[in-house]
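To keep things clear, I will list the structure first and then write my remarks on it.
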Ligand code: GTP
Ligand code: SPV
Ligand code: MN
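Numbering (the numbering used here), first residue to last: 14 to 610.
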């Protein structure tokens, strides 16, 4: 039954029913009963497996097509009317051409299938931050994931009333053909059109497509920001909580930092860390001249490999019920799941992420270990399962931000942590972010590329305008967060990480917070303020101040080369369109490097 009389919604649905020609249409109200019935259908067709309900109550298992396991940046388009509004970092398609191309692929694609209509909210329904969407899909897997990741409810339609202010999401698996896979965003039409994929970031349209690509555009127009950031709260022994957001590229440690458990030297003093979000932050100006952040999502779509009781016990605990596992190892007898880095006992005689027979320790013809789980295998888990979920998770006003952290995966160059001199310099620091590519997107892994603010694949408009928007936001905010850059991934010549990372990243957060409070000194370097090595708490770590000095350095030679590279990047990508403040910051960096040489 239709859940609304909103003509804008009904017209939208009808248009795609006429085009895609589903046998049946079903409105999703988000009720447990309906989701259970859909699960039953998906289990009966083999689309989804039910896990062992004693060990993993409410948990499900799914495998995507082998050619469809990550975001496809090369097939992701920003379809603004003018190419310049997509900018130099996005693929662009003319919207007319894009609709025609996609409509032709979608014609009749749901014959023999059911179209599910999912009303969902990003952000708490009814809050100032909230934005609503309707996703059409022919995938039960998508419905079940959306019901975890977003707020799926008939209430969304009630709140929407007769309004036209909703994001239109159109998704079909079609035939999962790689050559006809398209992830198109139409920011000026509030529309997302995704065909021929069944993988997370390509099809859970509330996430990257809406909450980042469309929302970043909305934020630009409306004076707020949509960022690829985690949000966490650090509670100090005196009870005061400082909130921090951090932008790292995909698979560079957001979920891990958001859920970190501090080392004993902190817990015994009473420090606690709370998670508000692990991937996306919507940020607005608020009380006290500060920036406030909410997590618009309702669940975590986290990287499975490497998640274990030691690295991230909170994430692991979050996945023990009502979770969907995708592309990990499945034991069809025990109905349990496994992934590399879960424990040291890989199962035998089970199925790998492709559904092939697999046993831990199996090697290929060259003697190389065959992995059981895909490196980008994921869990979809409800936020409310998270043991360290912040009590502010549902706060409709968001949390006040004291610090913003940028960070990437850099074997060399970038030090453990440094602080920007001011907001403008901080925007520069975000704009020059570079990071090694990971398995979260299709393509080569481990290649250093520029990824400004970790938004390269997610900015829904011209990146030069996005930089300007950052600069402008700074002008409007009185009590601006301080901006920092971190790198957990420095390695020695043998490729070993030089910093323990994970829970021990608390030691860096501690310095950051003390900087925000103005209670600790710093050393001025050409790239910004760096900690005095003795100001990083190493208590309980097998690491000397000398070891630490290795990763708290600003090598002038390395940074001079870095500055050249930034200049090339700026000039070749953006030329005159780049805000002149950023060229001025680059000039300052070069001068600092010369001065102190
Ligand atoms: P997306 O969900 O793709 O946006 O990823 P994410 O940024 O949330 O990354 P996540 O926390 O899932 O971590 C990705 C990978 O980085 C995992 O394999 C982690 O084990 C690894 N990782 C996370 N934090 C650290 C760290 O502090 N040090 C090291 N060496 N590895 C880390
Ligand atoms: C990322 O790649 O940054 C993710 C996973 O968070 S996806 O939803 O697939 O984009
Ligand atoms: Mn992400």
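C-beta: ideal position from N, C-alpha, C; glycine also.
- Task: Pick helix, strand or coil for residue 112, following the three-state DSSP scheme.
- Result: helix
- Is it right to say residue 159 is buried, meaning 16 or more other beta carbons lie within 10 angstroms of its own, or is it exposed? buried
- When every heavy atom of the ligand MN is checked, does at least one fall within less than 7 Å of the C-beta of residue 241? yes
- Query: Leaving out five residues before and five after residue 449 in sequence, what residues of the same chain have Cβ atoms less than 6 Å from its Cβ?
  - Reply: 422, 459 and 461
- DSSP puts residue 120 in a beta bridge; with which residues? Looking at the DSSP assignment, residue 120 forms no beta bridge with any residue, so it has no partner.
- Whether residue 479 touches residue 200 by CB criterion (8 Å): no
- Alpha carbon of residue 75 to alpha carbon of residue 558, nearest angstrom: 47 Å
- For residue 135, the nearest candidate out of 386, 106 and 165 (CA to CA): 165
- For residue 14, count neighbouring Cβ atoms within 10 angstroms of its own Cβ and tell me buried if that reaches 16, exposed if not. exposed
- Where does residue 221 fall in DSSP's three states? helix
- Task: Spell out a yes or no on whether the segment 307-324 and the segment 281-292 are touching, meaning 3 or more CB-CB pairs, one atom from each, closer than 8 Å.
- Result: yes
- Query: For the alpha helix (DSSP H) that residue 461 lies in, which residues bound it at each end?
  - Reply: Unbroken run through residue 461 is the beta strand (DSSP E), 461-463; no alpha helix (DSSP H).
- Just the residues with CB closer than 6 Å to a heavy atom of the ligand GTP, in chain order, which are they? 261, 263, 264, 265, 266, 267, 268, 269, 291, 292, 315, 316, 318, 319, 324, 453, 501, 502, 510, 514, 515 and 518
- Message: So that I know if they touch, is there some Cβ in chain B lying closer than 8 Å to that of residue 309?
- Response: This model lacks chain B altogether, as it is built from one protein chain only.
- Are the beta-carbon atoms belonging to residue 325 and residue 175 less than 8 Å from one another? no
- Span of the alpha helix (DSSP H) holding residue 326? 326-331
- Item | Beta-carbon gap between residue 398 and residue 335 smaller than 8 Å | yes
- Report the three-state DSSP secondary structure of residue 148 (helix, strand or coil). strand
- Message: With distance defined between alpha-carbon atoms, name the residue in 149, 94, 583 and 441 nearest to residue 482.
- Response: 441
- Item | Bridge-paired residues (DSSP) for residue 448 | 462
- Task: Using beta-carbon positions only, say whether residue 241 and residue 218 come within less than 8 Å of one another.
- Result: no
- Query: Could you give the uninterrupted runs of the alpha helix (DSSP H) lying entirely in the segment 148-234, keeping only those of 4 residues or more?
  - Reply: 153-162, 167-173 and 213-216
- Inter-residue spacing [alpha-carbon to alpha-carbon] between residue 476 and residue 99: 8 Å
- Message: Residues in the same chain with beta-carbon distance under 6 Å from residue 529, minus the five sequence neighbours each way, listed in chain order, please.
- Response: 415, 416 and 495
- C-beta atoms of residue 108 and residue 88 nearer than 8 Å: no
- CB-CB under 6 Å to residue 104, same chain, minus the five flanking residues each way: which ones, in chain order? 90
- Task: Determine contact between the segment 426-445 and the segment 530-543, defined as no fewer than three beta-carbon pairs at a distance below 8 Å.
- Result: yes
- Look up residue 404 in the DSSP assignment and give the residues it is bridged to. None, per the DSSP bridge assignment.
- Item | Beta-carbon spacing of residue 127, residue 220 below 8 Å | no
- Task: Give every residue of the same chain whose Cβ lies closer than 7 Å to the Cβ of residue 329, excluding the five residues on either side of it in the sequence, and list them in chain order.
- Result: 320, 321 and 322
- Exposed or buried, what is residue 198 when buried is set at 16 or more other beta-carbons lying within 10 Å of its beta-carbon? buried
- Item | First and last residue of the uninterrupted alpha helix (DSSP H) at residue 27 | 20-33
- Query: Is the number of C-beta pairs between the segment 293-306 and the segment 28-45 that are closer than 8 Å three or more?
  - Reply: no
- Item | Contact check, residue 365 vs residue 189, beta carbons under 8 Å | no
- Query: Which residue from 379, 378, 363 and 380 puts its Cα closest to that of residue 372?
  - Reply: 363
- Item | Contacts around residue 342, its chain only, beta-carbon distance under 8 Å, and the 5 residues preceding and following it disregarded | 350, 351, 352, 359, 360, 363, 364, 365, 366, 371, 385 and 386
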